[in-house]
Amino acid sequence: MKTPPGVHSYDAKPTSGAGGGFEIETSTVMGALSRSLAALVRAVSPEIRKPIELQRALVLDSKLCWQVFNVIRGEDTLAAAQHVPGTPSFRRLLAAAEAAGVAGQVIDDLHSAFHQFNELVSLHGPDRASFDSMVTAASSAEDSASTDLFHRRSAYRSESHIWGVQVDTYISTSLICPSADPSGKDECNVTVRVGQRRLRSDAPVVVHRSSTHASFQMLPASARQPLDLEAAQRLNAPLLPQFSSNPLPPMRTVLEEAGWTQVEVRGGAVGKQASFDLAFGSIVRNVPYSIGTDGRPLLRQSVRFITPAGMFVMDMLVHRSAYPSLDPSLIVFPRTDGNEVPKTFQSTQRLPVHVEIQRIDVGSSELAVPEFPRYPEVLRYACRTQNWKLSDFDLYRVRVPYPILNSIVRIEAGVELPSENGAH
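Now the structure itself:
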């Protein structure tokens, strides 16, 4: 078969030496493949402008026709590579075009361009899935984010099956004020699990874990107090029953190694009809500040994921007068053993989560969390328990669809502490 126009300078066996490289090679091959596919579509009919028109003309499935147009129209040739049909689909395309009377030269050119694409995949990727990961990682941020989201969604579905449990939305909130002791801060923590369920009757369901560990120091167990003391004494867990399902699912609290407690749901009901919502709230006083690599104190909120979640909402609310003009950053990295992750690991083992931190006015409608309509009410309740005013806080929020299991999502910001105690 003849080499298609526009590919004369490309070797049949590409190399990754100087002057070449994966991205240049992929762009060259994809350019030739895109032109050959466009020529085939024109040969079928110059009037074809949409995938559905190609589908009708060649009697092919819609997915294949969309793939053809995604390759033809792909402005980012690297990202377009993930849309190239597999070999069986490509063979169907060529057979349908030949049956429709497309000239043999056009079909030969496309066959040659597709062969070179497969050669490229064989050279650079152990398989097609790995190659697709490579091209999306090297493509534009928008395309990379879209592909990452696709794989996180797929992972969520797989992990839900494997672990036998899932939660629709997980909300984690920290309200942070300076302590009476200027060396520390008070942290009011609220978590809400919306739509928690079993998919398998024997699956373990851990709904709350808490630690008194902070900044490499162990605080006394009494430092963490429930927001609703009466409910905690009655239920043996820092629950907020007024914001949870009624009736509550059967639960037990397990004391683990020093500084850790775990709340588990018992019983084997499964599926959507057995879903429940649970809210927890606690306050920890005089928490030492973590210290950043630049020596500055840090405000930090971290969540470790042990349950597959469809959506994660993290809010960090900071007292405005004590911590003005923050510039928080978001990092996501793998979970490791131990109470604290080495700083070098946090900085080098980042995971791909392309979301932005939003600053939200607590007096606006943006405070709401659509998945849990009572969320503003929960925040006002938490503030009342501490004699705080919600309007005195700045809110920083991230929304992460399908967070990565066994990862840590963290918001942190360096702060300048006042030399004297600040009132709050």
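Per the numbering used here: the sequence shown = residues 8 to 431. Even for Gly, the Cβ is constructed at its ideal location relative to N, Cα and C. Bear in mind the structure is a predicted one, so any value in this text is a computation, not a measurement.
Inspect the beta-carbon positions of ILE183 and VAL325 and report whether they are closer than 7 angstroms.
Yes; because the gap between Cβ atoms is below 7 angstroms, this pair is in contact.
Exercise. First and last residue of the alpha helix (DSSP H) that includes TRP73?
Worked result: Taken as a continuous stretch (DSSP letters only), the alpha helix (DSSP H) holding TRP73 covers 69-80.
_Nearest-angstrom Cβ-Cβ length linking LEU1 and ALA107, presumed shorter than 8 angstroms_ = Outside the displayed span of the chain (8 to 431) sits residue 1, for which this structure offers no information.
Distance, Cα to Cα, VAL197 vs SER181?
6 angstroms
- Task: Determine the contact status of ARG366 and TYR403, defining contact as a CB-CB distance below 7 angstroms.
- Result: Inclusion of ARG366 and TYR403 in the CB contact set at 7 angstroms is warranted, their separation being smaller than that value.
TODO: Kindly provide the ranges of any alpha helix (DSSP H) runs that are 4 or more residues long and lie completely inside the segment 163-242, ordered along the chain.
DONE: 236-242
So, VAL128 versus ARG135, is the Cβ gap smaller than 7 angstroms?
yes
Practice task
Count the C-beta pairs between the segment 373-387 and the segment 292-311 that are closer than 8 angstroms, then say yes if the count reaches three, no if not.
Solution key: no
Contained beta strand (DSSP E) runs [length at least 3] in the segment 360-428, N- to C-terminal order
365-367, 400-408 and 414-421
Subject >> Neighbourhood of LEU424 by C-beta, 7 angstroms cutoff - its chain only, sequence neighbours within 5 removed >> reply: PRO189 and PRO304
Host beta strand (DSSP E) of ASN293 (start-end): Residues 283-295.
| query | What residue does the alpha helix (DSSP H) around HIS118 start on, and which one ends it? | reply | 111-131
(message) Checking 7 angstroms against the spacing of the C-beta atoms, do VAL201 and GLU378 come in under that value?
(response) yes
Helix or strand or just coil, what does DSSP make of GLY28? coil
Do you know how far the Cα of ASN413 is from the Cα of PRO341? 6 angstroms
Review point. Between SER161 and the rest of its own chain, which residues show a CB-CB distance below 7 angstroms, the 5 nearest in sequence each way excluded?
Key: none
**Message:** MET258 and VAL272 - do their beta-carbons sit closer together than 7 angstroms?
**Reply:** yes
For SER336, which beta-bridge partners are listed by DSSP? Bridge partners of SER336: GLU419.
### Task
Report the three-state DSSP secondary structure of LEU65 (helix, strand or coil).
helix
| Start and end of the alpha helix (DSSP H) containing SER137? | 135-145
- Item | Per DSSP, cross-strand counterpart(s) of PRO322 | A small correction: the amino acid at residue 322 is Asp; Pro does not occupy that position in the sequence shown. ASP322 is bridged to THR180 and ARG404.
Between the alpha carbons of ASP68 and ASN243, how many angstroms are there, rounded? 57 angstroms
Checklist entry - Among ALA187, ALA120, GLY171 and ASP139, which one has its Cα closest to the Cα of VAL291? => result ALA187
Practice task
Using a threshold of 7 angstroms, state whether the C-beta atoms of SER41 and VAL91 are closer than that.
Solution key: With respect to the 7 angstroms criterion, SER41 and VAL91 are not classified as neighbours on the basis of their beta carbons.
Q. What first and last residue would you give for the beta strand (DSSP E) that runs through PRO248?
A. Counting along the chain, PRO248 falls outside any beta strand (DSSP E), and DSSP gives it neither H nor E.
| field | DSSP bridge partner residues for MET37 (one or two, in chain order) | value | DSSP lists no partner for MET37.
Q: Pick out whichever of PHE287, VAL416 and ALA87 has its Cα sitting closest to the Cα of THR7.
A: A query on residue 7 cannot be resolved here, the shown segment of the chain reaching from 8 to 431 and no further.
Discussion item. Tell me the residue span of the alpha helix (DSSP H) that contains GLU105.
Written reply: 94-106
*Residue environment, ARG80, which counts as buried when at least 16 other CB atoms sit within 10 Å*: exposed
On the criterion of 16 or more Cβ atoms from any shown chain inside 10 Å, does HIS168 qualify as buried, or is it exposed? exposed
*Can you tell me whether DSSP reads VAL51 as helix, strand or coil?*
helix
Report all residues from its chain with a CB closer than 7 angstroms to the CB of PHE121; omit the five preceding and five following residues, and keep chain order. LEU40 and PHE97
From VAL75 to MET318, what does the alpha carbon distance come to, in whole angstroms?
About 32 angstroms.
Please list the terminal residues of the continuous alpha helix (DSSP H) segment that includes LEU85. Element bounds for LEU85: 84-87.
- prompt: Within 10 angstroms of its Cβ, does PRO133 collect 16 or more other Cβ (buried), or is it exposed?
  reply: exposed
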